[in-house]
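Chains as they are written, first to last, in the numbering used here: chain A, 1 to 479; chain B, 480 to 619. Just so you know, even glycine gets a beta-carbon here, dropped at the ideal spot from N, CA and C.
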Amino acid sequence: MSSEAQESEISNKITCTDVTCPVCGIACDDIEVELDDVSVVTRNACIMGDAKFKELRSSHRITKPLINGKEAPWSEAVDKAAEFLVNAKRPFFFVGSETTSEAMAIAIEIAEMLGGLVDGNATICHGPTVMAMQDVGQAGCTLGETRNRADLDIYWGANPEDSHPRHLSRHSIFVRGFFTEQGRYGRKVIVVDPRRSTTAEHADLHLQLKPGTDFEVLSAIMTILNGFEPHESFTDVTGISREDIHKAAEMVKDARFGVIWVGLGIASTRGKHYNASMAMRLTQLGNKTGKFVILANRGHCNVTGFNQVLNWSHGFPYAVDFSTGAPRYQPGEYSCVDALRRGEVDALFCMCADLGAHLPKIAVERMCEIPVVSIETAEGPQAFISDVVLPGVLDAMECTGTFYRMDNVPIYARSFCDPPFDFTKSNEDTCTQLRDAIIQKLEAREKAKEEEAQAKPQTTPLSDEEFGQRLDKLVSRAG
Amino acid sequence: MDIILNTGSTAFQGAVIKGGRKFTDDYTQEAAYCDISPEDFEELGKPWFVKVTNSYGDSVILRAKKTDRQQRGEIFIPRGPWANIVVTPVTESTGSPRYKNLVVQIEKGSSPVLGPQELMKKYYTKRARPKWEANRKWTA
Ligand code: SF4
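Right, dumping it as structure tokens:
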């Protein structure tokens, strides 16, 4: 329990301060929560964070294990889950991001043990950006630095007003930091987005490009910074005027500390990792005239943690296959959507992610065909299509653990209450119990194999003489 | 007509999914609509509902919303099971499907816009019907 938790005797009310929000990538750690037996009141949390904290006292929380949509005892559900995974030839482990790094490490361990595939939310989020990091390299910094130093914020294909509601007020445009005491007045803002998003309304310059021309626009800025003029077809191709692109290049040149915040607008569109690579090259160029960094606006709370954990344990950030016994990395081959689309996955373990609501239809259709085991906190598409649902614990509220913020800074989130059930203490605990059940099943299977081998009558090889006699007999019979 | 589809998150849709209300009408409210530019909205004949179809022939009915946030020739659907019916699974060897910048067809449609549960039953479990009927004694 949090040391700040102050208990009041009257209504079991507790007030907790400096709570970490386990929702989006900026993992705000200044939330205040007032919790009693029936209600939750938060302070500082945004609409999304508040909704998640309200889950502590919600009516649609899954509190009992489900098998085929019906309530079942915990031990039976764990056993059934283990059975599905052990019997599969190509099990897939999808490690979602709404859980702690500790739980992720165990899920990855199970995947390795069973020779399955493992992937995480990065694959449908900033996977291409991660590929670009491997390609070009990322000049990054912490959110503290952007807050205290940045005088130019470029949102490229990002709309934090919607995806990270407190981003602008805590870490970028509006916040007053040590060297940015003027707040909004001391910063310049460029938004690159085909939509006039809510973030674009705060921009000094909105480059409303045609969708899928990010690469061209990035190249054009670099061309100008290098002292040349973009091709004459530039405006026709991208929909951006020459005046605007020059203005953008000028702002990059004038910046003392510029940040490019890349969003999914860059990673999910045509060009994918090439766009992100180009943005990283622009960062390199920006560093010739000032200080420039690039940060990915990672959507989910611990999606960065999955990349960190898998990198640390097996050397690759996502889309890993263990079927040969050694980890192999290949996005597009071992990644979730691709493996499901090809139909080769024959069982799925999905931890703390609603794949049912977020994957393209063809991938979800495959999930409906195979056994699916999920750790879920609330009803929804994922729980709906799962054969076994193990109730999830709300990390950073009901159990402690490590989250990686979107700038790769690990944050240790403390809990302030207990889960509404006693069969598991955390998602890490659930994974550990599942792992143990799987080990038992594997051992039993080995033992059965050995016994079967022993039960078979032992055949001793024939001597040369016996072999000759038998052969003669056969030949004469045939003759 | 052909149009470019972008999908993405909105804070309200985020609040619904983070708050575990994915099987409520709130989800339909916040994720089953399609933002259309005023010009395209006129061209479609001021529809109440639109039908969006991808190159695979998969289609979904959504509420039409006129907004000047969109450029002409582009539509926006919030992230969720409605949008994902038309999102194609081609990942160009990156693992990430085409959630944005996808050419789709749009036309005037007619209601109803399905709720999340009906949508899952109707669109997503079609191929797996035998398994579902066997396991859950479920017919839809
Ligand atoms: S901005 Fe993100 S981390 Fe902060 S309260 Fe909102 S959802 Fe939580």
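Subject >> CB-CB length for G548 (chain A) against A357 (chain A), believed under 8 Å >> reply: Absent from the structure is residue 548 (chain A), since the part of chain A shown begins at 1 and ends at 479.
Original post:
How would you write the range of the alpha helix (DSSP H) that F555 (chain B) sits in, first residue to last?
Top reply: The residue you call residue 555 (chain B) lines up with position 76 of the second sequence. Looking at the DSSP string, F555 (chain B) is not in any alpha helix (DSSP H); the run it does join, the beta strand (DSSP E), is E553 to P557.
Original post:
Mind pulling the chain B residues with CB within less than 9 Å of L205 (chain A)?
Top reply: Locating residue 205 (chain A) in the first sequence gives position 205, counting from the first residue. Listed by position along chain B, the residues whose Cβ is nearer than 9 Å to that of L205 (chain A) form an empty set, because the closest Cβ is around 17 Å away.
Subject >> W156 (chain A) - DSSP class collapsed to helix/strand/coil >> reply: Here residue 156 (chain A) refers to the residue found at position 156 when the first sequence is read from its first residue. In the structure shown, the three-state DSSP call for W156 (chain A) is strand.
Subject >> Given M480 (chain A) as reference, the closest of A:K253, A:K456 and A:G96 once Cα atoms are compared >> reply: The structure shown has nothing for residue 480 (chain A), since chain A only spans 1 to 479.
Original post:
Can you tell which of B:F502, B:A494 and B:D481 has the C-alpha that lies nearest to the C-alpha of W561 (chain B)?
Top reply: For the purposes of this step, residue 561 (chain B) is identified with residue 82 of the second sequence, where counting begins at 1. The residue with the shortest Cα to Cα distance from W561 (chain B) is B:F502.
Original post:
Do D119 (chain A) and F487 (chain A) come within 9 Å of each other at the CB atom, strictly closer than that value?
Top reply: For chain A, the structure presents residues 1 to 479; residue 487 (chain A) sits outside this window and is missing.
Original post:
Which of helix, strand or coil does DSSP assign to D346 (chain A)?
Top reply: Translated into positions along the first sequence, residue 346 (chain A) becomes position 346. Here D346 (chain A) sits in coil by DSSP.
Original post:
Do three or more CB pairs link the region 332-343 of chain A to the region 563-577 of chain B at distances below 8 Å?
Top reply: Short answer: they touch.
**OP:** Excluding the 5 residues preceding and the 5 following I564 (chain B) in the sequence, name in chain order all residues of the same chain whose CB lies nearer than 6 Å to its CB.
**Re:** Sequence index remark: in the second sequence, residue 564 (chain B) carries index 85 (1-based). If we look at I564 (chain B) and ignore the five residues flanking it on each side, its Cβ neighbours are D537, V539 and Y602.
Original post:
Under a CB-based cut-off of 9 Å, is V495 (chain B) close to chain A?
Top reply: By 1-based counting over the second sequence, the position of residue 495 (chain B) is 16. Yes, its Cβ sits closer than 9 Å to a Cβ of chain A.
Original post:
Going by DSSP, what residues sit across from Q625 (chain B) in a beta bridge?
Top reply: Because chain B is modelled from 480 through 619, residue 625 (chain B) falls outside the range shown and cannot be assessed.
Subject >> Inter-stretch contact (C-beta, 8 Å, three-pair minimum) for the region 523-538 of chain B and the region 369-388 of chain A >> reply: Judged by Cβ distances under 8 Å, the region 523-538 of chain B makes no contact with the region 369-388 of chain A, as fewer than three pairs qualify.
Subject >> Segments of 4+ residues assigned as alpha helix (DSSP H) that fall wholly inside the region 192-243 of chain A >> reply: 214-225 and 234-238
Original post:
Checking contacts by CB at 9 Å: is V269 (chain A) closer than that to chain B?
Top reply: Translated into the one-based positions of the first sequence, residue 269 (chain A) becomes position 269. Before going on, a small fix: residue 269 (chain A) reads as Thr here, not Val. Yes, contact with chain B.
Original post:
Would you say the beta carbon of C301 (chain A) comes nearer than 8 Å to a heavy atom of the ligand SF4?
Top reply: Counting from 1 along the first sequence, the entry for residue 301 (chain A) is found at position 301. Yes, the beta carbon of C301 (chain A) sits closer than 8 Å to at least one heavy atom of the ligand SF4.
Original post:
Could you check where the alpha helix (DSSP H) with I62 (chain A) kicks off and where it finishes?
Top reply: In the first sequence, counting from the first residue as 1, residue 62 (chain A) sits at position 62. That residue, I62 (chain A), is in no alpha helix (DSSP H); it is neither H nor E in DSSP.
Original post:
Does the ligand SF4 have even one heavy atom less than 8 Å from the beta-carbon of H167 (chain A)?
Top reply: Mapped onto the first sequence, residue 167 (chain A) falls at position 167. Checking the Cβ of H167 (chain A) against the ligand SF4 gives yes.
Subject >> Rounded C-alpha distance that separates E55 (chain A) from V495 (chain B) >> reply: Taking the first sequence and counting its residues from 1, one reaches residue 55 (chain A) at position 55. Taking the second sequence and counting its residues from 1, one reaches residue 495 (chain B) at position 16. About 11 Å.
Original post:
Between R166 (chain A) and G265 (chain A), is the Cβ-Cβ spacing less than 9 Å?
Top reply: The residue you call residue 166 (chain A) lines up with position 166 of the first sequence. The residue you call residue 265 (chain A) lines up with position 265 of the first sequence. Contact flag unset, no.
Original post:
In the DSSP assignment, what are the bridge partners of C21 (chain A)?
Top reply: As a working note, residue 21 (chain A) is residue 21 in the first sequence. BP columns for C21 (chain A) are empty, so no partner.
Subject >> Residues bridged to D395 (chain A) [DSSP beta-bridge criterion] >> reply: Taking the first residue of the first sequence as position 1, residue 395 (chain A) is located at position 395. The partner list for D395 (chain A) (beta bridge, DSSP) reads A:C399.
Original post:
When every heavy atom of the ligand SF4 is checked, does at least one fall within less than 8 Å of the C-beta of K425 (chain A)?
Top reply: Residue numbering aside, residue 425 (chain A) sits at position 425 when the first sequence is read from its first letter. No, the beta carbon of K425 (chain A) sits no closer than 8 Å to any heavy atom of the ligand SF4.
**OP:** Run the proximity test for I31 (chain A): is its beta-carbon closer than 8 Å to any non-hydrogen atom belonging to the ligand SF4?
**Re:** Here residue 31 (chain A) refers to the residue found at position 31 of the first sequence. Within the cutoff, so yes.
**OP:** Taking only beta-carbon positions, decide if G511 (chain B) is within less than 9 Å of chain A.
**Re:** If you number the second sequence from 1, residue 511 (chain B) lands on position 32. In the sequence as displayed, the identity of residue 511 (chain B) is Ala instead of Gly. Judged by the 9 Å Cβ criterion, A511 (chain B) is not in contact with chain A.
Original post:
Within 8 Å: the Cβ of V237 (chain A) and any heavy atom of the ligand SF4?
Top reply: Numbered from 1 along the first sequence, position 237 holds the residue referred to as residue 237 (chain A). No - the ligand SF4 has no heavy atom lying nearer than 8 Å to the Cβ of V237 (chain A).
Original post:
Does the distance from the CB of A319 (chain A) to the CB of T129 (chain A) come in under 9 Å?
Top reply: What you label residue 319 (chain A) is simply residue 319 of the first sequence in a count that begins at 1. What you label residue 129 (chain A) is simply residue 129 of the first sequence in a count that begins at 1. Not a contact, by the Cβ cut-off of 9 Å.
Subject >> DSSP three-state assignment for T15 (chain A), whether helix, strand or coil >> reply: Against the first sequence, residue 15 (chain A) aligns to sequence position 15. In the structure shown, T15 (chain A) sits in a strand (DSSP, three-state: E or B).
Subject >> For P381 (chain A), the residue or residues it bridges with in DSSP >> reply: Position 381 of the first sequence, counted from the first residue, corresponds to residue 381 (chain A). Beta-bridge pairing links P381 (chain A) to no other residue.
Subject >> Contact under 9 Å by Cβ, D153 (chain A) with T142 (chain A) >> reply: Residue numbering aside, residue 153 (chain A) sits at position 153 when the first sequence is read from its first letter. Residue numbering aside, residue 142 (chain A) sits at position 142 when the first sequence is read from its first letter. Cβ atoms of D153 (chain A) and T142 (chain A): not closer than 9 Å.
Original post:
Is T570 (chain B) helix, strand or coil by DSSP?
Top reply: One-based indexing of the second sequence puts residue 570 (chain B) at position 91. Three-state result, T570 (chain B): coil.
Original post:
Just the Cα atoms here: how many angstroms apart are I47 (chain A) and G227 (chain A)?
Top reply: Counted from its first residue, the first sequence places residue 47 (chain A) at position 47. Counted from its first residue, the first sequence places residue 227 (chain A) at position 227. In this model, I47 (chain A) and G227 (chain A) are separated by some 45 Å (Cα to Cα).
Original post:
For chain A, is any of its Cβ atoms less than 9 Å away from the one on S575 (chain B)?
Top reply: What you label residue 575 (chain B) is simply residue 96 of the second sequence in a count that begins at 1. S575 (chain B) counts as touching chain A.
**OP:** Give, in chain order, every residue of the region 304-326 of chain A whose Cβ lies closer than 8 Å to some Cβ of chain E.
**Re:** Among the protein chains in the structure shown, which are A and B, there is no chain E.
Subject >> Cutoff 7 Å; reference F174 (chain A); Cβ partners in own chain excluding five residues on either side >> reply: Position 174 of the first sequence holds residue 174 (chain A). Within the same chain, F174 (chain A) has close Cβ partners L168, G183 and R184.
**OP:** Return the chain-ordered ranges of every alpha helix (DSSP H) run that is complete within the region 76-147 of chain A and spans a minimum of 4 residues.
**Re:** 101-114 and 127-135
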